[in-house]
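A short worksheet on the structure shown next.
Numbering (my numbering), first residue to last: 18 to 259.
Here is the structure:
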């Protein structure tokens, strides 16, 4: 089947991302496998090719607006689901060492099959809760960049994600619409976890009116050992929000 990759090509060009034929082929293979597996498991509600290009692939790659991914070596994607934003980032920037974490074993199986299908190296998927792996020395404060498109408030997400980021590194949270109020509410939690909001980058997805935002949180100090709290607590009782 022939696919029209114009939106992906133009979008990547605008983002300053070089797409060779191999990378384009990987994006198409990823799409086809995602749709095939989506018939038997819930991976995405977005299945039309052009929509996937825009709402999944280009949205995932948009964090290049906030940081120079050429200089980022070690990345973890928390709550990755069907592999967003981690897999598109890995395709576009193959030099990265990438780890994808998800709480559902079936999805992790899908991710591992996808890595093999696309011949992606130096990428792994782990099954478990963010709160648990963050206590493990192998993962805690080991990453230059943590990314997450997970749907949760910023205070909760920061407690899940900042413990993975090394001092001087960055956590980038993908959000929809305007997030100024949410960011202000989360500021205290972020400070308790050793972070500081550096910037919020607002943009629209290519060829659409869909508003998105990236919250850039810099890791300025080590996260105290008591964080993250036990599984489930960050979601039920967001840190610093009364």
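Ideal Cβ placement from N, Cα and C applies to all residues, glycine included.
Inter-residue spacing [alpha-carbon to alpha-carbon] between residue i and residue j
i, j, result
"residue 249", "residue 173", "10 Å"
"residue 95", "residue 211", "18 Å"
"residue 254", "residue 39", "45 Å"
"residue 92", "residue 21", "30 Å"
"residue 37", "residue 180", "35 Å"
"residue 251", "residue 178", "11 Å"
"residue 247", "residue 26", "43 Å"
"residue 132", "residue 53", "15 Å"
"residue 176", "residue 244", "7 Å"
"residue 31", "residue 169", "29 Å"
"residue 128", "residue 58", "13 Å"
"residue 98", "residue 124", "7 Å"
"residue 84", "residue 157", "21 Å"
"residue 61", "residue 29", "22 Å"
"residue 198", "residue 150", "30 Å"
"residue 68", "residue 23", "12 Å"
"residue 120", "residue 47", "21 Å"
"residue 242", "residue 256", "15 Å"
"residue 34", "residue 200", "29 Å"
"residue 192", "residue 49", "26 Å"
"residue 218", "residue 152", "30 Å"
Closer than 8 Å to chain B by CB, residue i
i, result
"residue 224", "The structure shown contains no chain B; it holds only a single protein chain."
Continuous beta strand (DSSP E) stretch holding residue i: start and end
i, result
"residue 104", "Careful: residue 104 lies outside any beta strand (DSSP E), inside the alpha helix (DSSP H) at 103 to 109."
"residue 70", "Careful: residue 70 lies outside any beta strand (DSSP E) and carries neither H nor E."
Residues sharing a beta bridge with residue i, DSSP
i, result
"residue 212", "236"
"residue 118", "95, 143"
"residue 82", "Note: residue 82 sits in no beta bridge, so no partner."
"residue 187", "162, 235"
"residue 219", "230"
"residue 1", "Because the chain in this structure spans residues 18 to 259, residue 1 falls outside the shown range and cannot be described."
Extent of the continuous alpha helix (DSSP H) run through residue i
i, result
"residue 260", "Given that the chain is displayed from residue 18 to residue 259, the structure contains no residue 260 and the question cannot be resolved."
"residue 246", "That residue, residue 246, is in no alpha helix (DSSP H); it is neither H nor E in DSSP."
"residue 52", "38 to 55"
"residue 23", "23 to 32"
- prompt: Can you find at least 3 beta carbon pairs, one from the segment 34 to 50 and one from the segment 90 to 109, that sit closer than 8 Å?
  reply: yes
- request: Would you be able to state if there are at least three C-beta pairs under 8 Å between the segment 66 to 76 and the segment 218 to 228?
  value: yes
message: Please give me, in chain order, every unbroken run of the beta strand (DSSP E) with length at least 3 that falls completely inside the segment 155 to 183.
response: As far as the segment 155 to 183 is concerned, its whole beta strand (DSSP E) runs of at least 3 residues are 160 to 165.
- prompt: So does the segment 186 to 193 actually touch the segment 235 to 247, counting three or more Cβ pairs closer than 8 Å?
  reply: yes
- request: Take every Cβ of the segment 134 to 145, pair it with every Cβ of the segment 116 to 125, and state whether three or more of those distances are shorter than 8 Å.
  value: Because the criterion of three Cβ pairs below 8 Å is met, the segment 134 to 145 and the segment 116 to 125 touch.
field: Cβ pair count under 8 Å reaching 3, the segment 159 to 167 against the segment 82 to 92
entry: Put simply, the segment 159 to 167 touches the segment 82 to 92. At least three CB pairs are less than 8 Å apart.
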